[in-house]
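Trainee: Take a look at this one; I'll ask things after.
Chains as they are written, first to last, in the numbering used here: chain A, 1197 to 1561; chain B, 12 to 250.
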């Protein structure tokens, strides 16, 4: 048996700063590594960037709509897939941030980049609200299925509250909440520009802005999940008692992950509201709350790439089916979820990526 | 001697079941001490009280001179207590190396983290298994991995709950050697153990728990010759 010796400070110098973070684009908590993966990822982004050249503005605006939802899906992936806390109520933060964006922009307008300030404030509010809910849940030792029950209750309470705000007394400044009919009339995201503001209505420019945001958030999450924070989150999911007995305050980690998930759901909420200039209480209802779980479960909750791809694929499929009737589409979603749980419990995309990775030996963790 | 752990008048009951009854216990720094007792004696409950998983009804626990009775588990760990559970408490979905990273990254970073992982892999004979998923290791290897996770950052006190449960005789002997080496490095060891041969291999002194109270204390020879100890074990065997 060899001797155990004290750590030696004379080891090779460690990577620091930006290089350290960039090195975390690959790591144990994310699938995909090596030149093969990154060339494929660059090709996918290039294809997405070239897409508007081959489609009309309406179709591209619709594709932008798909991108809007990916933030909420990736946030749920962090909370549920990596952190092990199944939140059934990400739509609470989605709705809160969406309504906040409406209230702010209806009151202060869109001049001088005010819509971006509204976006930041709304996302921050979504995140802070999630931290607050997370504090009571995790510091109150709520675990397992009860997290789902609490979060679902929160979103349904918010939906019920917003649905009864139809009267004229329910206004914040100029912004009427408008009950079940929903709030409308807020401006889209607006970029101040020489010779006149650029209004990002559903179309090609918004599509590019969202594509850039998706790439940035995806890369940022890869780095975070491969950092010590991500490792601890996975450790808590696997064995919370052991994680605590290694000296980690697991409640704090779970709360922070939940706050991040809330901020990302809030990002989707703001972008959804800005995309269609419209938000209703049903965006926080039972059906809306269930759909992100289907996207993430079908794609694969334990890998951020699988979550992102699965979300885009399922939403695109869902919308194609909706043409034939939204109720049928929901039934297909339910069947898809059951199929996934029974046949590929790790998710369809996750399983497919894992198989491809084994073939090429590069995409594996 | 300089006490590292001082437990005074510790009491804990769950409903009508008393798991700790007026326990007074002092452990000297550098000791290699075993807690024994029949099933249901309160050994694991005593560990859980030391770790802060259960709050005592009354009494106090001092560690390195500080009162830790009201601290949460992770705060006690940060003061220098480390634990290895009876059922291997490893992260089965992570590789052996990732398990060690998670265990040490709270205290170590960069090169010193890498160096410590390499040394612990050598120490636990798991260098060849660094990339293996921890869930597919043999039972003995899982136990060693958890010992490695518990000692890599040099705790002052290592608590071991039946460290050799389910191990082969050869694995048990190797584990004993590991613990002696750790103790020689200055780590105080307190182990709950059933295997009396293993207790004889590692312990300087032994405490016998029975029905939540301390029944006897002494060297291994004194305990094995204690007239009451065999009786409580045989009594337990009759249950």
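A virtual CB, placed ideally from N, CA and C, is assigned to each residue, including glycine.
1) State the DSSP-derived secondary structure class of residue 119(B), mapped to helix, strand or coil.
2) Can you tell me which of 1224(A), 1392(A), 1365(A) and 1288(A) puts its alpha carbon nearest to the alpha carbon of residue 1307(A)?
3) Under 8 Å, CB to CB, which of the residues in the stretch 1429-1451 of chain A have a partner in chain B?
4) Within 9 Å of any Cβ in chain A, is that where the Cβ of residue 54(B) sits?
5) Using a Cβ-Cβ cut-off of 9 Å, state whether residue 1541(A) counts as contacting chain B.
6) Report the three-state DSSP secondary structure of residue 1206(A) (helix, strand or coil).
7) Figure out for me which residue from 1556(A), 1319(A), 1299(A) and 1305(A) has the closest Cα to the Cα of residue 1374(A).
8) Are the beta-carbon atoms of residue 1355(A) and residue 1477(A) separated by less than 9 Å?
9) Which bits of chain A does residue 103(B) rub up against, with CB to CB less than 9 Å?
10) In terms of residue numbering, what span does the beta strand (DSSP E) encompassing residue 150(B) cover?
11) Helix, strand or coil: which one does DSSP assign to residue 110(B)?
12) What number of angstroms, rounded off, separates the C-alpha of residue 235(B) from the C-alpha of residue 36(B)?
13) Run through chain B and tell me which residues come within less than 7 Å of residue 1422(A), C-beta to C-beta.
14) Name, please, each residue of chain A whose Cβ falls closer than 7 Å to the Cβ of residue 85(B).
15) According to DSSP, which residues form a beta bridge with residue 45(B)?
16) So what's residue 84(B) in DSSP terms, helix, strand or just coil?
17) Could you tell me whether any Cβ in chain A is nearer than 9 Å to the Cβ of residue 88(B)?
18) For residue 32(B), which of helix, strand or coil comes out of DSSP?
19) Look up residue 93(B) in the DSSP assignment and say whether it is helix, strand or coil.
20) Whole angstroms are fine: how far does the CA of residue 90(B) sit from the CA of residue 98(B)?
21) Mind checking residue 1455(A): buried by the 16 CB within 10 Å criterion, or exposed?
22) Should residue 1485(A) and residue 1287(A) be called a contact, given that it needs their Cβ atoms to be closer than 9 Å?
23) Assign residue 1233(A) to one of three DSSP states: helix, strand, or coil.
24) Please determine if the stretch 19-32 of chain B and the stretch 62-74 of chain B are in contact, where contact requires at least 3 C-beta pairs separated by less than 8 Å.
25) Please go through the stretch 1482-1531 of chain A and give each complete alpha helix (DSSP H) segment of 4 or more residues, from N-terminal end onward.
26) Count the other C-beta atoms from every protein chain shown that fall within 10 angstroms of the C-beta of residue 233(B), then say buried if there are 16 or more, exposed otherwise.
27) Which residue spans inside the stretch 1283-1340 of chain A form an unbroken alpha helix (DSSP H) run of at least 4?
28) Chain A beta carbons: is any one of them nearer than 9 Å to that of residue 57(B)?
29) Only counting the same chain, and skipping five residues up and downstream in sequence, which positions put a Cβ closer than 6 Å to that of residue 1431(A)?
30) Can residue 175(B) be considered in contact with the ligand HEM, in the sense that its beta carbon sits closer than 8 Å to one or more heavy atoms?
31) In the DSSP assignment, what are the bridge partners of residue 1379(A)?
32) With a cut-off of 9 Å, does the C-beta of residue 64(B) fall near any C-beta of chain A?
33) CA-CA distance, residue 1404(A) and residue 1351(A)?
34) Just verifying my parser: in three-state terms, what is the DSSP assignment at residue 1223(A)?
35) Can you look up residue 1424(A) in the DSSP assignment and give me helix, strand or coil?
36) Helix or strand or just coil, what does DSSP make of residue 65(B)?
Mentor: Let's see:
1) coil
2) 1392(A)
3) 1430, 1431, 1434, 1435, 1437, 1438, 1439, 1440, 1441, 1442, 1443, 1444, 1445 and 1446
4) no
5) no
6) Unreliable positioning characterises residue 1206(A) in this predicted model, as indicated by a pLDDT of 42, which lies under 50. A coordinate reading is not provided.
7) 1299(A)
8) yes
9) 1434 and 1435
10) That residue, residue 150(B), is in no beta strand (DSSP E); its alpha helix (DSSP H) goes 150-162.
11) helix
12) 20 Å
13) What residue 1422(A) touches in chain B: nothing, since even the nearest Cβ is about 11 Å away.
14) 1440, 1443, 1444 and 1445
15) 202(B) and 217(B)
16) helix
17) yes
18) strand
19) strand
20) 24 Å
21) buried
22) yes
23) helix
24) yes
25) 1482-1495 and 1500-1518
26) exposed
27) 1286-1304 and 1310-1335
28) no
29) 1439
30) In the structure shown, the ligand HEM is absent, as is every other ligand, since no ligand is present at all.
31) 1475(A)
32) yes
33) 31 Å
34) strand
35) helix
36) coil
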